[in-house]
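Chains as they are written, first to last, in full-length UniProt numbering: chain A, 1 to 388; chain B, 1 to 337.
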């Protein structure tokens with residue numbers, strides 16, 4: 001059967017049109033996704049960047065007997081409601097630590113109340129008109145400024161927005177992830193090594209394999225329930241601690257690491273194994289000295305991605321009590337702690353307006369950490385990648 | 001060397017777990033998300049001004065908090081639970097069954113529930129009956145109970161604006177929802193003949209009432225976007241967003257602190273926390289925290305908590321509540337009825 005030239009031309013045109021259409025559609029999808037990303041990050045930057053600055057005002061602080069008893073007496077009437085209560089609260093303690101302060105009066109830059117902070121940033125504030133004028137006067141005299149907010153990175157949560165920081169959550173995240181990694185890295189890698197290198201291929205191992213793949217897709221909140229039932233109720237691990245949080249997240253990360261490790265092991269060509277067997281290595285020696293070192297970059301990449309996933313998780317932690325108000329920076333695995341996404345969740349529910357920017361600021365910090373973790377994974381893959 | 005290191009690490013981990021099982025300096029608190037902002041403020045103050053660590057507070061909702069609280073006595077159960085409503089008799093009985101027999105009740109103040117809208121609308125006055133008719137699943141019409149037919153506020157009463165009925169409110173797990181059902185739905189339906197003198201609290205599920213989750217900020221945001229809608233949330237959120245929202249007057253009374261404290265504003269409720277006195281020996285700072293909470297500098301009319309939206313009790317009630325906490329007064333079933 002032969003087709004005329006015209007028919008073939010028409011068919012060709014149709015096919016070209018079809019492929020052009022498909023190209024535009026897929027580009028459209030990409031553009032849509034990129035727009036969402038830009039809008040999201042842009043919104044976070046606009047809302048969150050002010051959180052890295054905090055208002056400070058310069059006022060006269062007098063260290064007297066009276067301010068030892070009633071801290072607000074240390075500053076003048078006019079400035080009292082502009083200064084953060086969290087700063088005033090610490091005056092007696094500072095005077096006890098530095099006895100030479102007693103009886104002196106000094107000009108000091110002190111932390112301003114969050115309402116002053118919001119006013120200087122041009123946001124809505126509940127300051128009265130007279131207080132607004134007082135802030136304006138201070139600002140003209142160069143005595144009210146927005147300065148870099150170191151406290152955001154060095155202190156824990158607080159009910160006073162000007163004091164609230166992400167440090168306790170960051171330390172909690174680190175402690176939790178140490179536990180997670182200490183548990184699920186060895187177990188995950190050993191499981192994968194067994195399944196890939198030692199286990200016979202029978203019905204039982206197939207069932208195990210299917211179950212591991214299923215586990216990786218289980219909603220994370222279920223791991224929280226499991227953690228509550230097993231660790232807290234059965235083993236009596238204390239609630240809200242990095243220990244129980246880390247163990248729970250380990251359950252969630254385990255399948256991810258097992259799957260990543262198995263893929264990495266499988267990518268090591270069989271010729272390596274055969275060569276090692278050929279010179280008389282035992283199976284364990286083959287795995288330890290040849291297969292594992294060669295697949296380590298892949299294992300590390302998978303683990304880092306699993307870690308990043310665990311880091312952004314909140315749902316299971318709600319159930320085991322890690323979404324809580326925790327101002328103290330935790331120092332051990334068995335002290336109550338919270339994690340960064342949980343901190344963001346807590347701030348998002350606060351009534352004070354000033355917490356909006358803290359929420360966005362916390363998101364920026366979390367995003368920065370996640371991006372650097374993922375970048376680290378990509379870099380490791382590129383650096384150690386071997387093609388066979 | 002390597003082996004020694006590993007053994008030490010394992011030993012340290014085990015010690016860490018065992019160490020926790022002994023006396024605890026950190027008070028553990030759970031409970032209502034409405035009381036949470038106040039309790040965490042006190043907790044922070046307690047941590048900053050005493051030698052004890054800051055108490056841990058989880059926001060679990062009133063019901064969830066009381067469930068954990070009544071699970072038993074000892075390690076792993078909370079010392080204090082916050083509630084935005086009074087303990088139910090069923091919860092009290094469950095506590096007793098599980099050995100939690102020595103409980104002190106502390107009443108800290110009031111919270112008004114605001115029925116608010118975007119302030120681009122005109123001020124509005126609603127009666128509880130009108131709110132009930134807008135939200136009930138079944139309403140009486142010509143003596144019969146029928147599925148709620150009202151689409152616009154003006155369908156209920158011609159004096160109301162011609163706006164679509166859309167209300168964002170808390171989910172059933174929330175204490176705010178419990179209180180709203182009791183103070184508005186029950187109060188309005190008790191006198192209606194069609195329900196046979198029984199309280200009716202079923203809220204319609206045809207899309208007019210939208211369950212907006214536990215986060216009140218979310219409702220606030222929705223209201224600024226959808227200016228036709230109303231929202232139900234705690235008074236402190238209304239106060240904090242006074243630039244964009246206004247509260248509807250209910251039965252002619254606007255949601256103002258004085259009106260809520262005096263009980264004139266009908267949709268107001270008391271807030272409590274409950275102390276498990278049996279933990280006093282194991283957790284020494286527990287009562288100190290409770291006393292700080294009840295002090296005049298916190299819950300008084302000039303106190304810090306007023307600044308973040310608490311509506312103080314009248315002076316006599318305050319003194320009485322403080323007295324009960326200081327003397328560790330034991331809660332009896334008869335108190336709750």
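For each residue, glycine too, the CB sits at the ideal point set by N, CA and C.
Note that this is a predicted model, so its numbers are computed, not measured.
I want to know whether the stretch 165-185 of chain B touches the stretch 201-218 of chain B - three or more CB-CB distances under 8 Å. A contact is defined here as three or more CB-CB pairs under 8 Å, and the stretch 165-185 of chain B meets this definition with respect to the stretch 201-218 of chain B.
In chain order, what residues of the stretch 98-126 of chain A put their CB closer than 8 Å to some CB of chain B? Taking 8 Å as the Cβ-Cβ cut-off against chain B, the residues of the stretch 98-126 of chain A that qualify are 124 and 126.
Check this for me: beta carbons of residue 250(B) and residue 128(B), under 9 Å apart or not? The answer is yes: Cβ separation under 9 Å.
Any contact of the stretch 115-128 of chain B with the stretch 223-230 of chain B, i.e. 3+ C-beta pairs under 8 Å? Taking a contact to require three or more Cβ pairs closer than 8 Å, the stretch 115-128 of chain B and the stretch 223-230 of chain B qualify as touching.
With 9 Å set as the bound, which would you pick, yes or no: does the beta-carbon of residue 175(A) sit closer than that to a beta-carbon of chain B? For residue 175(A), the closest Cβ of chain B is not nearer than 9 Å.
Please confirm if residue 280(A) has its CB atom under 9 Å from at least one CB of chain B. Not an interface residue.
To which residues of the same chain is residue 199(A) closer than 7 Å at the C-beta, ignoring the five residues directly before and after it? Taken in chain order, the residues that qualify are 205.
Use the C-beta contact count for residue 87(B): other C-beta atoms within 10 angstroms, 16 or more gives buried, fewer gives exposed. Answer is buried; the Cβ neighbour count reaches 16.
Can a CB atom of chain D be found closer than 9 Å to the CB of residue 248(A)? Checking the listed chains, one finds no chain D in this structure; the protein chains it contains are A and B.
Please name the residue in 281(B), 106(B), 296(B) and 234(B) whose C-alpha comes closest to that of residue 335(B). Each of 281(B), 106(B), 296(B) and 234(B) was checked against the Cα of residue 335(B), and the nearest Cα belongs to 106(B).
Give the interface partners of residue 109(B) over in chain A, defined as CB-CB distance under 8 Å, in chain order. What residue 109(B) touches in chain A: nothing, since even the nearest Cβ is about 15 Å away.
For residue 53(A), the residue or residues it bridges with in DSSP: Note: residue 53(A) is bridge-paired with 148(A) in the DSSP secondary-structure output.
So that I know if they touch, is there some Cβ in chain B lying closer than 9 Å to that of residue 187(A)? Not one chain B Cβ lies under 9 Å of residue 187(A).
For a cutoff of 9 Å on Cβ pairs, would you count residue 139(A) as touching chain B? Not closer than 9 Å to any Cβ of chain B, the Cβ of residue 139(A) fails to qualify, so no.
Is residue 340(B) close to chain A? Criterion is C-beta to C-beta, closer than 9 Å. Because residue 340(B) is not part of the residues shown, which for chain B are 1 to 337, the question remains open.
Tell whether a beta-carbon distance below 9 Å holds between residue 221(A) and residue 319(A). Yes. Within cutoff.
Please decide whether residue 327(A) counts as near chain B, where near means a Cβ-Cβ distance under 9 Å. At least one CB atom of chain B sits nearer than 9 Å to the CB of residue 327(A).
Any chance you could list the alpha helix (DSSP H) runs of at least 4 consecutive residues sitting entirely within the stretch 212-285 of chain B, in chain order? The stretch 212-285 of chain B contains these whole alpha helix (DSSP H) runs: 216-225, 235-240 and 257-262.
With a threshold of 9 Å between beta carbons, is residue 363(B) in contact with chain A? Coverage of chain B is limited to positions 1 through 337, which leaves residue 363(B) absent and any answer about it impossible.
Consider the Cβ of residue 304(B): report whether some Cβ of chain A lies at a distance smaller than 9 Å. Yes - at least one Cβ of chain A is within 9 Å of the one on residue 304(B).
Which parts of the stretch 18-75 of chain B are runs of the beta strand (DSSP E), unbroken and 3 residues or longer, counting only runs that do not cross its ends? Runs of the beta strand (DSSP E) inside the stretch 18-75 of chain B: 28-31 and 56-58.
Within the stretch 88-138 of chain B, note down every full beta strand (DSSP E) run reaching 3 residues or more, in order along the chain. Contiguous beta strand (DSSP E) elements confined to the stretch 88-138 of chain B occur at 103-118, taking only those with 3 or more residues.
Mind checking which residues open and close the alpha helix (DSSP H) that includes residue 175(B)? Its alpha helix (DSSP H) spans residues 175-180.
Along the chain, where does the beta strand (DSSP E) containing residue 146(B) start, and where does it finish? Residues 144-147.
Using 8 Å for Cβ pairs, my map puts residue 371(A) next to residue 359(A). What's the rounded Cβ distance? The pair is not a contact, with the Cβ atoms about 19 Å apart (cut-off 8 Å).
What's the gap between the Cα of residue 175(B) and the Cα of residue 181(B)? Looking at the two C-alpha atoms, the distance is approximately 10 Å.
The stretch 44-75 of chain B: which residues have C-beta closer than 8 Å to a C-beta of chain A, in chain order? Legend: CB atoms of the stretch 44-75 of chain B lying less than 8 Å from CB atoms of chain A belong to residues 44, 45, 47, 48, 49, 53, 54, 56, 57, 58, 59 and 75.
Any chance the CB of residue 197(A) is under 8 Å from a heavy atom of the ligand COA? Inclusion of the ligand COA in the displayed structure is not the case, the ligand content being empty and no account of it being possible.
Along chain A, in chain order, which residues have C-beta atoms closer than 7 Å to that of residue 240(B)? Residues of chain A whose Cβ lies closer than 7 Å to the Cβ of residue 240(B) are, in chain order, 351, 352 and 353.
Between which two residues does the beta strand (DSSP E) carrying residue 83(B) extend? First-last of the beta strand (DSSP E) with residue 83(B): 80-83.
So, is the C-beta of residue 21(B) closer than 9 Å to a C-beta in chain A? Its pLDDT being 43, under 50, residue 21(B) is placed unreliably by the model, and nothing is read from it.
Bridge-paired residues (DSSP) for residue 106(A): Note: residue 106(A) sits in a beta bridge opposite 61(A).
When burial is assigned at 16 or more other CB atoms within 10 Å of the CB, is residue 243(B) buried or exposed? The C-beta of residue 243(B) has fewer than 16 other C-beta atoms within 10 Å across all chains shown, which makes the residue exposed.
In angstroms with no decimal places, state the Cα-to-Cα distance between residue 123(A) and residue 340(A). The C-alpha of residue 123(A) lies about 26 Å from the C-alpha of residue 340(A).
Counting only Cβ pairs nearer than 7 Å, list the residues of chain B close to residue 348(A). Neighbours of residue 348(A) on chain B, chain order: 215 and 217.
For residue 358(A), which three-state DSSP category applies? Of the three classes helix, strand and coil, the one that applies to residue 358(A) here is helix, per DSSP.
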